[in-house]
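One structure is given below, encoded as structure tokens.
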Amino acid sequence: MGEFKHSIDAKGRLTIPSKIRNQCQGSVYVARGFDGCLAFYTKEEWDPFCAKLLSLPSNKKEVRKAIRFTISSACECEFDKLGRINIPTNLRTLAHLEKECVIIGAGNHGEIWSQEKWNQYYNDNQDSYDDILESLDDFSL
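Below you can see the structure in the form of structure tokens.
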């Protein structure tokens, strides 16, 4: 959980905050996320995520697309001595990561956003927070 701001360097290295990194055992799996961000998972979360995706009926065109886009974009990124991961060019391009990034905790995974995309997403959706929670089935505080 949490929201952290870090810069990605020209080589694609991004520091993952120690609060998150300490739960990752040396590496994370980074892949295309939803809404224009990248998602990253620990091995313990990545394996069941992939298993669930691969258990969907492959005779459905949308399932094949989801598998192809998710798995083909994914890579394991190991932490260097400074707590950075090196995000491949294809993923940086996909998420428009150029300089300023926002790293957020999102339950069973983390997300990496360009600062600009995160600000736009947040501003577009923050006023509907109450409505979003109200619309969720089986959710009450």
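Count the sequence shown with UniProt numbering and you get residues 1 to 141, in order.
Every residue gets a Cβ at the ideal spot worked out from N, C-alpha and C, and that includes glycine.
Which residue from the options puts its Cα closest to that of residue i?
i: residue 90; options: 74, 100 and 66; result: 74
i: residue 78; options: 25, 132 and 37; result: 25
i: residue 43; options: 21, 134 and 3; result: 21
If you draw a straight line from the C-alpha of residue i to the C-alpha of residue j, how long is it?
i: residue 137; j: residue 106; result: 19 Å
i: residue 5; j: residue 58; result: 38 Å
i: residue 85; j: residue 112; result: 12 Å
i: residue 97; j: residue 116; result: 9 Å
i: residue 1; j: residue 39; result: 14 Å
i: residue 29; j: residue 93; result: 17 Å
i: residue 31; j: residue 18; result: 20 Å
i: residue 95; j: residue 36; result: 6 Å
For residue i, report the span of its beta strand (DSSP E) as first-last.
i: residue 14; result: 13-15
i: residue 125; result: Counting along the chain, residue 125 falls outside any beta strand (DSSP E), though it belongs to the alpha helix (DSSP H) covering 115-125.
Who does residue i pair with in a DSSP beta bridge?
i: residue 5; result: 102
i: residue 78; result: 27
i: residue 110; result: 40 and 105
i: residue 86; result: 13
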